[in-house]
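Q:
Residue numbers (the numbering used here): 7 to 445.
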């Protein structure tokens, strides 16, 4: 058991190193993801945390992270909540720290007043949990199974982005190394890093440099006298050799193909060739670009995976919109300047909004309660407002609040309940009792 755990930990740390995930520079895609997740779930803080050997590293966050943590961007792993998510490789939720014996004295609860935590593991395509996408709040919260599924979907999107960044980094590193190789060639006028080969018009290898051992695994003497076509992957054999020997002029070509290594593996080779017809010889300079090709292929695969993860997250948002649009209550989001940002069908009906797009100005349909003024007061004073409004024969309850998770834009959430049916039933009951008392 301990051996398996140590192996998983070693593999996990190796994956973090391979991805190059621990880096201080911001990434706009990760930032957009944590901003969006925080907005959807309405928590005070959303974070992408990477769990290292001794510490957890704060890769990206949305919300007000305490200043002492922002400065160092890390905290000891042993006092983090994310350690449980990573160790179990499953979502981990604590609705209220103070309601549990296990976590009521937890460090973040005592030091920063944290009451709620929900984390989803960041599982890579190789099956390693490298960190978490987590939600934190100083208020206790309930967290449903559907919300857990949503958080997992966003965690997959985060992993897709981290793996894409890793592939880009490796590709860039490969290009840097390749560039250095070219500079060395130019400085030394020696192609020892590349394989220098001469091939006769009959396709037989006449000579090759020592680099053949590094690139293809063959000593030069093992290749001399062999057909060059024996080295070329069968699917690539028709791509270059015949065109190279056409015509009498000096002809240069540059191309890429796959060659078979002595150990049975495949090496991607970039060829620079020049054919001298008078000599009947092709001079070749061959460079191994296998690492670059693999990085390019991996980046293409990860881009597809990232698009799939984003599609899953979009499906979650669509389901959330469907829920709001089918509520019996009117739900409206307005800016303090009076701009309507969102209104579900019930709110549109109650407020008399026409068309599918929100109006430019917030409606003011009630004489005894002015909605635009209430929105402005709620946004400026950061206070909740509740009122009961009689509108003709209709009785409404209107609640306004300014949630802290609305990106600090001062937006106000307005919830409108139609109490008309309840009032009519109460009035009928009172009339019945009055009539009964007179009989």
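Backbone N, C-alpha and C define an ideal beta-carbon position, used for all residues, glycine too.
In the DSSP assignment, find the unbroken beta strand (DSSP E) run with residue 56 in it and report its ends.
A: Residue 56 -> beta strand (DSSP E) spans 51-57.
Q: DSSP beta-bridge partners for residue 391?
A: For residue 391, which the question treats as bridged, DSSP gives the partners 406.
Q: Exposed or buried, which one is residue 216 when buried takes at least 16 other CB atoms within 10 Å?
A: So residue 216 ends up on the exposed side.
Q: Run through the DSSP bridge pairs and tell me what residue 81 is partnered with.
A: The partner list for residue 81 (beta bridge, DSSP) reads 62.
Q: Which residues in the same chain have their Cβ closer than 7 Å to the Cβ of residue 103, if we skip the five residues on either side of it in sequence?
A: Contacts found: 109, 110, 112, 115, 120 and 121.
Q: Quick check on the burial criterion: 16 or more other C-beta atoms within 10 angstroms. Buried or exposed for residue 336?
A: Buried, because 16 or more other Cβ atoms sit within 10 Å of the Cβ of residue 336.
Q: Taking only the alpha-carbon atoms, compute the straight-line gap between residue 199 and residue 172 and give it to the nearest angstrom.
A: Taking the straight line joining both Cα atoms gives about 27 Å.
Q: With a threshold of 8 Å, are at least 3 pairs of Cβ atoms found where one atom belongs to the region 364-382 and the other to the region 338-347?
A: The region 364-382 vs the region 338-347: in contact.
Q: Is there contact between the region 309-327 and the region 383-396, where contact requires at least three CB pairs shorter than 8 Å?
A: Because the criterion of three Cβ pairs below 8 Å is not met, the region 309-327 and the region 383-396 do not touch.
Q: Give, in chain order, every unbroken run of the beta strand (DSSP E) that is at least 3 residues long and sits entirely within the region 196-234.
A: For the region 196-234, whole beta strand (DSSP E) runs of length 3 or above, ordered along the chain, are 201-206 and 211-214.
Q: If we ignore side chains and look at the alpha-carbon of each, how far apart do residue 316 and residue 354 end up?
A: The alpha-carbon atoms of residue 316 and residue 354 are separated by roughly 30 Å.
Q: Are the CB atoms of residue 292 and residue 221 within a distance shorter than 8 Å?
A: The answer is yes: Cβ separation under 8 Å.
Q: How close, in whole Å, do the beta carbons of residue 424 and residue 400 come, if the pair is a contact with beta carbons under 8 Å?
A: The Cβ separation is near 7 Å, so the contact holds.
Q: Rounding to the nearest angstrom, what Cα-Cα distance links residue 368 and residue 19 in this structure?
A: Distance between the alpha carbons of residue 368 and residue 19: 53 Å.
Q: Residue 134: buried (16+ other C-beta within 10 angstroms of its C-beta) or exposed?
A: Classification of residue 134: buried, given that the 10 Å Cβ count is 16 or more.
Q: Would you check if the region 275-293 and the region 127-145 touch, i.e. whether three or more CB-CB distances between them fall below 8 Å?
A: Contact between the region 127-145 and the region 275-293 is absent, because fewer than three Cβ pairs lie under 8 Å.
Q: Just checking, does the region 317-330 make contact with the region 152-169 on the three C-beta pairs under 8 Å criterion?
A: With the cut-off at 8 Å, the region 317-330 and the region 152-169 touch.
Q: Measure the C-alpha to C-alpha separation of residue 23 and residue 60 and round it to an integer number of angstroms.
A: Answer to the nearest angstrom: the Cα atoms are 14 Å apart.
Q: If you follow the alpha helix (DSSP H) that residue 310 is part of, which residue opens it and which one closes it?
A: Segment 296-331, the alpha helix (DSSP H) holding residue 310.
Q: Judging by CA-CA distance, which residue of 327, 258 and 21 is the nearest neighbour of residue 129?
A: It is 21.
Q: Would residue 410 and residue 50 be called neighbours here (beta carbons separated by less than 8 Å)?
A: Yes, Cβ-Cβ distance for residue 410 and residue 50 is below 8 Å.
Q: In this structure, does DSSP put residue 181 in helix, strand or coil?
A: Three-state DSSP puts residue 181 in a helix.
Q: Around the C-beta of residue 146, are 16 or more other C-beta atoms found within 10 angstroms, so that it is buried, or is it exposed?
A: It counts as exposed.
Q: Taking the straight line between their C-alpha atoms, what separation do you get for residue 307 and residue 358?
A: Taking the straight line joining both Cα atoms gives about 49 Å.
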